[in-house]
Structures are given as C-alpha cells and as structure tokens.
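Shown next, in structure tokens, is the structure this report addresses.
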Ligand code: APR
Ligand code: PHB
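Numbering (the numbering used here), first residue to last: 5 to 398.
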C-alpha cells in the first residue's frame, strides 16, 4: 500500500492533519492503535483559542462547534474569597475563546473523514516506523492479525505522549525537557448545570480547583489532589464536599451536584522534545510536547503544529518548495515554548506547593496581589490565555 503522508495516531492532531491535507488534495492514511470508540471515550480540556476555531473552520468541521460551543469572553479567578473577572474581551481588544469539548472536536473530525471516504486503520497492532532518514519511509502494522506495510513520502507522528514515533528516534538525536508536578487533577463530569456561565479558576488554601463545563447542562470540575491519591478513594460525595470547601459562598449556594459520569486522576507534566523533525518524520501535538492543563493549551498547541505541518506539506507538493519543511521544527517550538511557559507559570500561580515551604506561598500571594490589582497584570494573563496569532513575531 502507498500514500503520500502516513499519519500515526487518530487523536485530534492526526485527524485534523488528515482533513487539512485532504482539502489540499494530498493523500494520507491514518494508522491508530486503539478502536474509534476508545478514542472517543477520552475526556480532555475543552477551551478553543480563536486560532484553533479558525483552523477547524478551514478544515470544514466547524459547524457544530459554532452551533453548540459556548463563547466565553472572560473567566473568573477566585482567590482569598474574592472573585476577579479576567475580561478577555476588554483586555485583548475583543478576543474570546470557545468552550467546546475536545471529544466533540474529535467526533466532528472523525465524521468528516468517514464522510469523505478516507482510509483510517483502527485497532492497529505493532505499529512501527522505518527508514524515515531515507527518501522511502515505511510504516508496518497488523490489523486482525494481517501484516500491512504502508509506503509513503512522509510520516506524521501524531501518536501522543506514549506513541511509537518519538520512541523510534535515536536517543542521541533528541533533547527532552521535563517537569513533573507533585500533584494531580481529579476530574469529575456530571449532567448538572454549571455553577457559573464562565470558568472559575480557584486558588484555595485547600488546593486548586476548576469549575468548567461542556454545555448548559453538563459540568466538568477538577480538584488538586496528592499524586498518591487513587480515584477509588474519592466517592462522588467526597468530591462535592471538597469542591464546596474550595468555592466562595455564592458558588457554594448555586452548586448543583449529581452522580458522576466519569471520574479520573491525571498527573501534571511539562515536557518538550527538540527537534520535532527527523528526516522525513515530523512530531506534532502530544507526541512532541505536553503542558499541564491549567491554561488549556494542549489542544491549541497541537492545532498550531498541525497548521504549520499541513502548510509545509502543501508547499512541498504544490510549489515543490521545502522551506516550510526545513523550518517546521523551529517554527513550532517557538510557539510551543510560549505555551509551555504560560502553562507552567499559571500552574505555579494557582496551586498549593507545601513542599516548597512558606516562602513560596508568600511569593505566590504577592504575585496574585500584584496581578489582580494591575491592569498590565491582568492583561498578561488574558493575552496568554486567548493565545498567540500563528504568525506572531514574524
Ligand atoms: N500506533 C498508532 N497510534 C498510536 C500509537 C501507536 N504506537 N500510540 C498512540 N497512538 C494513538 C493514541 O491511541 C491516540 O489516539 O495516537 C493518538 C494520539 O492522540 P492524543 O493523545 O489525543 O494526542 P494529539 O492528537 O496530539 O492531541 C493532543 O490531546 O492530550 C490532549 O492536551 C492534549 O489537547 C491535546 C491533545
Ligand atoms: C476542561 O473543561 O476540561 C478544562 C478547561 C480549562 C482548563 C482545563 C480543563 O484549563
């Protein structure tokens, strides 16, 4: 079997890349380790920057996002029992974000791919990438016990943090940067109306909390918990009781609780691989970098990688020019490091770090006081939250 671009992984990165290439008349086949149903069962952050929303429109999959997504022009930051609204619209000259679950983005992309009759191999076993340092890369895998080989011009490693692409690069060819945070996020999804019409990010003495949402009738909440906690230790009642303790009085009164549809603990990590190109193989999305979820940057950084990569490949096939390919890694990494810095900074601003001692708490307190009482401080938060344009600093 032969294709122009072999895409490994059918998460949002791989599916979006496939769709943008299809629109440009470039042939791509996706190989995914899991079943489609499994891919759709994963629950992840749901805040789309304008750049990401525009890209979904460009890919022709934005209809439901516009119909069902909730436009947010700000969010609340709760600290010391005081709500501070970060007015994204006012502080950034009209920018907004769209609250639309990543699972739904994935569903829309899957549907578009299916409707266009494009090939995706799901439940592929033993996926391996070969010869990406030559002009004839290959991907091998098995489906239903039958061995398959996919010959291609390029391999796009969209296979997430635990994927095979990054792992196949010789150790000496990569540099990895990593920070693992000493806590996790316990998330709960429930069919209850959200406690507030926008998000509330909470720095409480008991630990961080986040009130998010998926729709007007479905809520997503998170609590900072010790890494040693197991999800089985947290009954729904215990979750709601702890959340109440981290809210302010108005939110406590409005909070509607109900049975969880899903509950899980996710670790928090900052991680970057350099470079993101190895001959004819590229890494995009979680395969190349991870952010802690505090700024909701994961999907947005993945989307900008995919935009740079699709543009580079289109330039290669249509204009027979390789400048986009040659600068892919550098271009992505500039934007990635900006997102990484903000996600790290916002994480350390909003969580409790008891192991860092009282001095860290005092620094944090002084920084929050400064930021929330300064127009410039609030703008710093807002500008980073709504995200950079794709051609920033160019
Ligand atoms: N072979 C084929 N597919 C694989 C392999 C493999 N060896 N390993 C992993 N995969 C698949 C996974 O099953 C998954 O479906 O690659 C896909 C990667 O998808 P994601 O982890 O969702 O990564 P990505 O598409 O880059 O999306 C980034 O996800 O984690 C969030 O915050 C992150 O929002 C960001 C988004
Ligand atoms: C979510 O809705 O899951 C979500 C929203 C914002 C974040 C993280 C997660 O910063």
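By construction, the Cβ of each residue, glycine as well, lies at the ideal position given by its N, Cα and C atoms.
By the criterion of at least three beta-carbon pairs nearer than 8 Å, the segment 205–218 is in contact with the segment 77–85. Between the ligand APR and residue 16, a heavy atom-to-CB distance of less than 6 Å is present.
Residues close to the ligand PHB by the beta carbon criterion (under 5 Å to any non-hydrogen atom) are, from first to last along the chain, 49, 50, 51, 216, 224, 297, 300. The nearest non-hydrogen atom of the ligand APR is 6 Å or more from the C-beta of residue 252.
In the structure shown, the three-state DSSP call for residue 212 is strand. For residue 396, the secondary structure class from DSSP, reduced to helix, strand or coil, is coil.
According to DSSP, residue 103 shares a beta bridge with 51, 74. For residue 33, the enclosing beta strand (DSSP E) starts and ends at 32–35.
CA-to-CA, the gap between residue 391 and residue 303 works out to about 12 Å.
The beta carbon of residue 162 sits closer than 6 Å to at least one heavy atom of the ligand APR.
The C-alpha of residue 267 lies about 11 Å from the C-alpha of residue 227. In terms of CA proximity to residue 211, 353 leads the group 12, 353, 384. One alpha carbon belongs to residue 73, the other to residue 260, and they sit about 21 Å apart. Relative to the ligand APR, the beta carbon of residue 37 is positioned inside 6 Å of a heavy atom. Within its own chain, the residues whose Cβ lies closer than 6 Å to the Cβ of residue 129, once the five positions on either side in sequence are excluded, are 146, listed in chain order. In this structure, residue 37 and residue 159 do not form a Cβ contact; the two beta carbons are roughly 15 Å apart against a cut-off of 8 Å.
Taking 6 Å as the cut-off, the C-beta of residue 43 counts as close to a heavy atom of the ligand APR.
If you draw a straight line from the Cα of residue 40 to the Cα of residue 237, it comes to about 30 Å.
The straight-line gap separating the alpha-carbon atoms of residue 386 and residue 310 is approximately 24 Å.
Here residue 127 has 39 as same chain residues with Cβ atoms under 6 Å from its own Cβ, once five neighbours each way along the sequence are excluded. In this structure, the beta-carbon distance from residue 18 to residue 32 does not fall below 7 Å.
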